[in-house]
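Data first, discussion second: the structure below is written as structure tokens.
Numbering (the working numbering), first residue to last: 2 to 411.
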């Protein structure tokens with residue numbers, strides 16, 4: 002009598018990279034949907050004035066320094082920290098740039114480099130206490146907020162210093178020249194050809210990078226969006242970019258500060274997602290103990306994150322002072338709150354470890370659109386603050402809710 006030996010079930014191999022179902026991931030895309038709804042709302046309330054060429058240009062120029070701060074702040078928050086001093090750093094670095102250019106007569110480029118160096122030293126001083134002494138960033142930067150505001154008042158007193166050189170004012174308020182002339186767009190009128198070509202180049206580059214990323218994920222057997230959804234996302238992003246570029250090209254071409262922002266967003270997005278240092282930032286903020294055990298040099302990562310924040314705050318200080326054409330003692334008031342709000346509205350997690358540079362930029366634009374839209378409809382300042390506070394609260398509550406929902410689903 003032979004023994005009954007059962008054979009193990011045969012498993013079928015799973016094809017790599019299965020597309021997921023055609024649905025929208027609200028955790029990743031919710032901020033962009035919310036931004037679109039806010040734009041549509043204020044476009045209706047302002048009878049289309051929000052999306053006029055001149056007003057779009059104003060939104061970019063008026064919020065440029067907050068967007069620059071948001072890029073640095075999102076990295077600070079991802080690493081699990083906070084920086085309350087950036088508004089005061091904007092003020093003191095703007096004062097330093099004014100003294101170097103107006104009072105000492107240094108060339109504008111040398112003064113800007115020295116100002117960025119001063120911002121790096123400020124960030125290094127704060128990062129040293131946080132990283133190597135273990136003092137909480139909240140305490141260190143709160144002290145920095147007071148110290149650098151006091152230094153600003155010491156340098157400037159109760160008066161501003163200006164005017165700034167033309168080059169700095171052009172960087173803050175100027176526009177690219179019409180080097181290739183205009184091209185007709187039918188009923189839309191003429192538009193700067195160089196601006197249009199730059200917009201097309203940005204769209205083509207974005208589509209190419211997304212296509213390569215999709216192919217790489219498929220090659221590694223990762224789950225990707227179905228191709229129709231992937232194509233829709235590319236087309237929507239391209240339509241938004243081209244619409245903004247066309248409107249700006251019809252007005253006074255591209256603002257130089259928008260070109261600077263585009264370079265910063267590209268560079269920091271690549272650094273955060275493709276570099277070892279960027280991955281270490283996420284690791285430190287996501288799980289400090291695991292990052293330490295994995296060999297991540299936590300202290301240098303934290304230190305350089307704050308050095309970077311100091312440099313970007315100094316750049317924002319130069320831009321803001323150049324826009325006003327003077328460095329004033331009250332410059333930068335509440336800028337830290339706007340930068341923090343932009344990061345959290347843009348998807349940063351309160352606990353750290355989560356966030357994207359483009360999300361912080363979107364959060365900053367949401368705040369800018371709310372400010373601009375409510376100004377166009379004549380809303381009082383207290384109502385603007387009320388709406389911005391509610392939007393921030395809703396963004397953080399949504400982040401907490403999605404985390405709890407994801408945890409319950411496991």
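All C-beta atoms in this analysis are idealised placements derived from N, C-alpha and C, irrespective of residue type, glycine included.
Considering only DSSP beta bridges, list what residue i is partnered with.
i, result
"residue 340", "BP columns for residue 340 are empty, so no partner."
"residue 201", "Residue 201 is not bridged to any residue."
"residue 176", "256"
"residue 191", "185"
Report the rounded CA-to-CA distance for residue i versus residue j, giving the unit in angstroms.
i, j, result
"residue 325", "residue 317", "12 Å"
"residue 394", "residue 342", "9 Å"
"residue 114", "residue 266", "20 Å"
"residue 184", "residue 372", "33 Å"
"residue 189", "residue 50", "16 Å"
"residue 163", "residue 95", "11 Å"
"residue 392", "residue 106", "45 Å"
"residue 399", "residue 70", "23 Å"
"residue 270", "residue 204", "16 Å"
"residue 14", "residue 220", "The pLDDT assigned to residue 14 is 47, lower than 50, so where the model puts this residue is not dependable, and the model offers no usable value."
"residue 352", "residue 145", "23 Å"
"residue 356", "residue 306", "15 Å"
"residue 68", "residue 406", "31 Å"
"residue 290", "residue 297", "10 Å"
"residue 126", "residue 328", "23 Å"
"residue 335", "residue 227", "43 Å"
"residue 390", "residue 312", "28 Å"
"residue 137", "residue 79", "15 Å"
"residue 52", "residue 207", "23 Å"
"residue 366", "residue 111", "31 Å"
"residue 237", "residue 40", "15 Å"
"residue 150", "residue 382", "25 Å"
"residue 180", "residue 81", "45 Å"
"residue 379", "residue 370", "14 Å"
"residue 232", "residue 135", "47 Å"
"residue 155", "residue 339", "25 Å"
"residue 272", "residue 362", "16 Å"
Check residue i in the structure and name its three-state DSSP category.
i, result
"residue 84", "coil"
"residue 23", "A caution first: residue 23 carries a pLDDT of 47, below 50, which makes its placement in the model too unreliable to give a value."
"residue 162", "strand"
"residue 328", "strand"
"residue 167", "helix"
"residue 374", "helix"
"residue 317", "helix"
"residue 196", "helix"
"residue 381", "coil"
"residue 54", "helix"
"residue 396", "helix"
"residue 348", "coil"
"residue 296", "coil"
"residue 365", "helix"
"residue 287", "helix"
"residue 242", "helix"
"residue 335", "coil"
"residue 301", "helix"
"residue 105", "coil"
"residue 402", "helix"
"residue 276", "coil"
"residue 44", "helix"
If distances are taken between C-alpha atoms only, which option among the options comes closest to residue i?
i, options, result
"residue 252", "296, 58, 368 and 331", "58"
"residue 249", "366, 88, 196 and 72", "196"
"residue 308", "61, 363, 112 and 132", "132"
"residue 201", "258, 247, 227 and 150", "247"
"residue 223", "229, 214 and 230", "214"
"residue 193", "208, 206, 207 and 177", "177"
"residue 333", "374, 319 and 294", "319"
"residue 169", "86, 258 and 211", "258"
"residue 152", "299, 374 and 86", "86"
"residue 142", "225, 83, 376 and 159", "83"
"residue 119", "130, 108 and 101", "101"
"residue 97", "123, 73 and 72", "123"
"residue 346", "396, 380, 279 and 299", "396"
"residue 280", "299, 263, 262 and 264", "299"
"residue 211", "199, 304, 234 and 186", "234"
"residue 337", "73, 323 and 240", "73"
"residue 292", "348, 354 and 161", "354"
"residue 165", "108, 199, 209 and 147", "108"
Since residue i contacts residue j with CB under 8 Å, what's their CB separation in whole angstroms?
i, j, result
"residue 314", "residue 103", "Incorrect: roughly 21 Å between the Cβ atoms, too far for contact."
"residue 66", "residue 321", "4 Å"
"residue 358", "residue 75", "6 Å"
"residue 277", "residue 302", "10 Å between Cβ atoms; not a contact."
"residue 256", "residue 61", "6 Å"
"residue 387", "residue 47", "Wrong, their Cβ atoms sit about 19 Å apart, outside the cutoff."
"residue 43", "residue 374", "3 Å"
"residue 310", "residue 93", "Not a contact, Cβ separation roughly 14 Å."
Measuring only between beta-carbons, confirm whether residue i sits less than 8 Å from chain D.
i, result
"residue 263", "Any reference to chain D falls outside this structure, which holds one protein chain only."
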